[in-house]
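Asker: One structure is given below, represented as structure tokens, and several questions about it will come after.
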Amino acid sequence: MALENLLALVVLLSVVGASVAKPYGNPLGNPRLKGDLDLDYYRFRCPQMESIVHRVTFQYVSRRPTLAAALLRMHFHDCFVRGCDGSVLLKSPNNDAERDAPPNLSVRGYEVVDAVKSALERKCPGVVSCADVLALVARDAVAVIRGPWWPVPLGRRDGRISRLSEANLPSPFADVKTLKKNFLVKGLNSKDLVVLSGAHTIGVSSCGLISSRIHNFTGRGDFDPAMDPSYVRALKKRCKPTDVRTPVDMDPGSARKFDSHYFNIVAQKKGLFISDSALLNDFVTKRYIQTQVVTRGASFERDFSDSMVKLGFIQILTGRKGEIRRRCAFVN
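Reading the sequence shown from the start, the letters are residues -21 to -1, 1 to 311 in mature numbering (1 follows the signal peptide of the UniProt record, and there is no 0).
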């Protein structure tokens, strides 16, 4: 009888153990973008993984809060080129990797990812992928500045290919039709486009990216009529025609806080980029902006969380595809 009870207990524990795992089905509607991840993927492989990621990320971002925007941007850039496979982290001796492409030359925060990866390698060598590290660091960096939190399902593997020629990222000069197409190809919809654009509530750009928009939009010394004239005057004071380096807040008045203020700015025709203003030229994206303004961002954090989960599933490598890099900047 004792043996029967023991066997029953073993069976019960095996069932409970199996139910602890939290498989997270791919939320993307595109049937070509398959693959499941797991919220508890490293539970037994590297139990302290998330606490290590949080600790190291906090050490960096608490001292330099602007890294939150930088790391979030890095994750976005990674996922939009070859999927969320850590390929943006790879270096090339010929300077022809993704990180060498013009849109990525201003990407920063690699040292944070490297520090986290090094700490994990000391504790759990060869276990945690750089792609998962980047996804977690982006989330935890935003949390450090009291931004929204989102679940990060895990189990991505690292890609071995990184090409400058493939770094065709959504452009700050794009119209809304082009932006919607860019996102749809990745399995993201119009709502995801406007929600993820809300990440512009933190961080800065530079005068070089807006110079023609405020000084010489059509070649006649004019400015973009989609911008509020008073905002243009303020920008002109900060950005002289030949200035390409001076930083400019993407969400004036609230660039250090992750909130819904960005949508107020866009609604007032004070979006810094053409791609920001373009969101007012589509019914779905404009309606979302107006809703956030009226409700003071009532659903923004929840929506951002949902869209970030979807972003993290783009063209993921799982199973035997890819590898687990020992160092994020180099293939094994």
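Glycine included, each C-beta is placed from N, C-alpha and C at the ideal position.
Is it buried or exposed, Pro132, if we count other Cβ atoms within 10 angstroms and call 16 or more buried?
Answerer: Translated into the one-based positions of the sequence shown, residue 132 becomes position 153. Its Cβ being crowded by 16 or more others within 10 Å, Pro132 is buried.
Asker: Go to Pro226, then tell me how far its beta strand (DSSP E) extends in each direction, as first and last residue.
Answerer: Indexing the sequence shown from 1 puts residue 226 at position 247. It spans Pro226 to Asp228 - the beta strand (DSSP E) in which Pro226 sits, taken as one unbroken run.
Asker: Just tell me which of Ser233, Pro204, Cys307 and Arg192 has its CA closest to the CA of Lys215.
Answerer: Mapped onto the sequence shown, residue 215 falls at position 236. Selected option, being the one with the closest Cα: Arg192.
Asker: Going by C-alpha distance, which of Leu46, Thr274 and Gln294 is nearest Val164?
Answerer: Start at 1 with the first residue of the sequence shown, and residue 164 comes out as number 185. Comparing Cα positions, the closest option is Gln294.
Asker: What does Asp137 pair with, by DSSP beta-bridge criteria?
Answerer: In the sequence shown, the residue the question calls residue 137 occupies position 158. Note: Asp137 sits in a beta bridge opposite Glu302.
Asker: Got a sec, what are the start and stop residues for the beta strand (DSSP E) Ser191 sits in?
Answerer: As a position in the sequence shown, residue 191 is number 212, starting the count at 1. That residue, Ser191, is in no beta strand (DSSP E); its alpha helix (DSSP H) goes Ser190 to His194.
Asker: Looking only at its chain, what residues have a beta carbon closer than 8 Å to the beta carbon of Arg217, apart from the 5 residues adjacent to it on each side?
Answerer: Stepping through the sequence shown from its first residue, residue 217 is reached at position 238. Only Cys186, Thr225 and Val227 meet the Cβ criterion.
Asker: So the beta strand (DSSP E) Val183 belongs to, where does it begin and stop?
Answerer: Mapped onto the sequence shown, residue 183 falls at position 204. Val183 to Ser185 is the span of the beta strand (DSSP E), which, as asked, contains Val183.
Asker: Cβ of Val40 within 8 Å of Cβ of Ala48?
Answerer: By one-based count along the sequence shown, residue 40 stands at place 61. By one-based count along the sequence shown, residue 48 stands at place 69. Not in contact: Val40 and Ala48 (Cβ atoms no closer than 8 Å).
Asker: In the structure shown, what three-state DSSP assignment does Phe152 receive?
Answerer: By 1-based counting over the sequence shown, the position of residue 152 is 173. If DSSP states are grouped into helix, strand and coil, Phe152 belongs with coil.
Asker: Thinking C-beta only, is Arg135 closer than 8 Å to Val86?
Answerer: In the sequence shown, the residue the question calls residue 86 occupies position 107. In the sequence shown, the residue the question calls residue 135 occupies position 156. No.
Asker: I'd like the list of long-range same chain contacts for Arg306, defined as Cβ closer than 6 Å, with 5 residues on each side in sequence excluded.
Answerer: Counted from its first residue, the sequence shown places residue 306 at position 327. Excluding residues within five positions, none has a Cβ falling inside 6 Å.
Asker: Helix or strand or just coil, what does DSSP make of Tyr3?
Answerer: Walking along the sequence shown from the start, residue 3 turns up at place 24. Correct three-state label for Tyr3: strand.
Asker: Determine the direct distance from the alpha carbon of Leu99 to that of Phe283, and round the result to whole angstroms.
Answerer: Taking the first residue of the sequence shown as position 1, residue 283 is located at position 304. Taking the first residue of the sequence shown as position 1, residue 99 is located at position 120. If you take the alpha carbons of Phe283 and Leu99, they lie about 28 Å apart.
Asker: How is Leu175 classed by DSSP in three states: helix, strand or coil?
Answerer: As a position in the sequence shown, residue 175 is number 196, starting the count at 1. Here Leu175 sits in helix by DSSP.
Asker: What residue from His179, Arg275 and Asp19 has the CA that sits closest to Lys249's CA?
Answerer: The residue given as residue 249 occupies position 270 in the sequence shown. Of the candidates His179, Arg275 and Asp19, the one whose C-alpha sits nearest the C-alpha of Lys249 is His179.
Asker: Rounding to the nearest angstrom, what Cα-Cα distance links Phe262 and Arg24 in this structure?
Answerer: Translated into the one-based positions of the sequence shown, residue 262 becomes position 283. Translated into the one-based positions of the sequence shown, residue 24 becomes position 45. The alpha-carbon atoms of Phe262 and Arg24 are separated by roughly 47 Å.
Asker: At the level of alpha carbons, what is the spacing between Phe196 and Ser233?
Answerer: Translated into positions along the sequence shown, residue 196 becomes position 217. Translated into positions along the sequence shown, residue 233 becomes position 254. For Phe196 and Ser233, the distance between alpha carbons rounds to 27 Å.
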